[in-house]
Amino acid sequence: MTVEHNILEVTPRVEALAALCKVNSSIDPALYREYDVKRGLRDIDGQGVLAGLTNISDIISKKMVDGRLVPCEGELFYRGISINDLVQGFMKDNRKGYEEVAYLLLFGELPDYKKLSDFKSLLAQGRTLPTNFVRDVVMKAPTHDMMNSLSRSVLTLASYDTTADDISLPNVLRQCLMLISVFPMLSVYSYHAYNHYECGGSMYIHYPSDSLSTASNFLRMLRPDMEYSPLEAKVLDLALVLHMEHGGGNNSSFTTHVVTSSGTDTYSAISAALGSLKGPKHGGANIKVVRMFEDLKKNVTDLTDESEVGNYLRRLLNREAFDCKGLIYGMGHAVYSISDPRAQVFKSFVGQLAHEKGREEDFALYAMVEKLAPQVIAEERHIYKGVSANVDFYSGFVYSMLNLPPELYTPVFAMARIVGWSAHRLEELINTDKIIRPAYRCVREMEEYTELSQR
């Protein structure tokens, strides 16, 4: 039974105050041009404002041709190594890649056999939670919002850490490794608590196995029978690798830098990053893609007819279908224009999983939308750069084939990105000693104070 408690309700009075807030806080868009403000910290062509330097990862979406930048096929590098080469490296050896790539991002070099084995053992040792933590924290006040549950658990873990505020490098690394280890447990256990107390389902608290990879352990803990196929674990592992890091400028990693620069503790910094990631414009996008396709299937008679599917996409853009936001979810990216390398790597393995799961027709529909959407967007919108499928376009489909509940889609993203956040937190602590503080120009006119009796 859900017990709701609201200190205030949205009454007409609150709505009126919200309207007043809007009137007095709205800024004329022309002023952004007048003062040359880069809205979203991006230029008109989508190029991010340079706010820092990093050794961790690099994104290439444009190349210099005849003295000017032109869009190119997207490339992603982890510590200078192409994501394509990394994936091919562990895939051809039929190995899981999460732990190996995590080591690379955190420590700046690829591990040899012994270093990788030691690192896996270190993560396995960290897969424990304080006594009664699941009962006293995870199971209390369950909610459908797993990201909020995850954030609450992270902040509560600080109470069990006697050196929570120590930001020396060894201590921060210890904290980061512990959080990397327990994120899958916190995510899965939070879901089972919600599914039991709020949805009336059974609750399973399976312990992770020291001998299994992060991806395998996640599936083991989630499923009642603890069973999964090798391909399922392989594709989930790949998803974690592809979501692990994406440059210091992505919203949640930048949040990590900003909050870390204030000198705060690791738990607060990672909780702030979680708050950033859960937004539908960032990590929550994959859920929107899945729900958009569900709506498409309800409203398109022939799912093999490109003309009919194309008309649905036009209705999306014209705010006439799905959530009426005017977006085709999973299409377009703040950086990439011609292609997102993560989506390209993902796609072939998505096809394999679709075959194993008997979802070839769904995969064909996704491929059709991927082909048609850029054409429809080009016809309906005047845009300054090309549009292609991003990694979220296929990740939600993958998670649905893995029978992951939608509530866990974004936490899975967090399980991967916690590695990138940790690397960026460590890099910020190592290299900078100034709090990040960009400037905002006040455009409100000055006025005299008016006595209360005269207002």
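In our numbering, the protein residues as written are 20 to 474. Backbone N, C-alpha and C define an ideal beta-carbon position, used for all residues, glycine too.
Boundaries for I186: no beta strand (DSSP E) harbours it, and the DSSP string shows neither H nor E there. The beta-carbon distance between I46 and V354, rounded to whole angstroms, is 26 angstroms. This is too long to meet the 8 angstroms contact definition. With fewer than 16 neighbouring CB atoms inside 10 Å of its own CB, L188 falls in the exposed class.
Under DSSP, G377 forms no beta bridge with any residue. Taking C-beta atoms as the reference points, P161 and Y223 fail to come closer than 8 angstroms. Per the DSSP secondary-structure output, P90 pairs in a beta bridge with K81. Out of G294, L124, R52, the CA that lies nearest to the CA of M165 is found in G294. Apart from sequence neighbours up to five positions away, the residues of its chain that approach L135 with a beta-carbon distance below 8 angstroms are E118, E119, Y122, ordered along the chain. Comparing alpha carbon positions, the residue from S441, F341, L471, G351 closest to V191 is S441. The straight-line gap separating the alpha-carbon atoms of F138 and S272 is approximately 23 angstroms.
The residue from N214, I102, G127 with its alpha-carbon nearest to that of G116 is I102.
Distances from the alpha-carbon of R193 to those of M311, E379, R333, Y286 put Y286 closest.
The shortest C-alpha to C-alpha distance from G329 to any of L384, G93, K366, T233 is the one to L384. Nearest to L346 by alpha-carbon distance, out of P299, T323, R154, T283, is P299. In this structure, F432 lies away from V369, with their beta-carbon atoms at least 8 angstroms apart. Spatial neighbours of K81 in its own chain (CB-CB distance under 7 angstroms, excluding positions within 5 residues in sequence) are listed in chain order as L88, V89, P90, C91. By the Cβ criterion, the region 264-283 is not in contact with the region 239-251, since fewer than three pairs of Cβ atoms, one from each stretch, lie closer than 8 angstroms. CA-CA distance, S235 to L129, rounds to 22 angstroms.
Sorting K344, Q371, A458 by C-alpha distance to the C-alpha of K57 places A458 at the top. In this model, E34 and R474 are separated by some 22 angstroms (Cα to Cα). Between the alpha carbons of S168 and L174 lies a distance of about 10 angstroms. Judged by pairs of C-beta atoms under 8 angstroms, the region 414-430 touches the region 204-211, as three or more such pairs exist.
Between S140 and the set L105, P149, M197, L335, the nearest pair of CA atoms involves M197.
Membership of Q144 in the alpha helix (DSSP H) is indicated by the continuous run 132-144.
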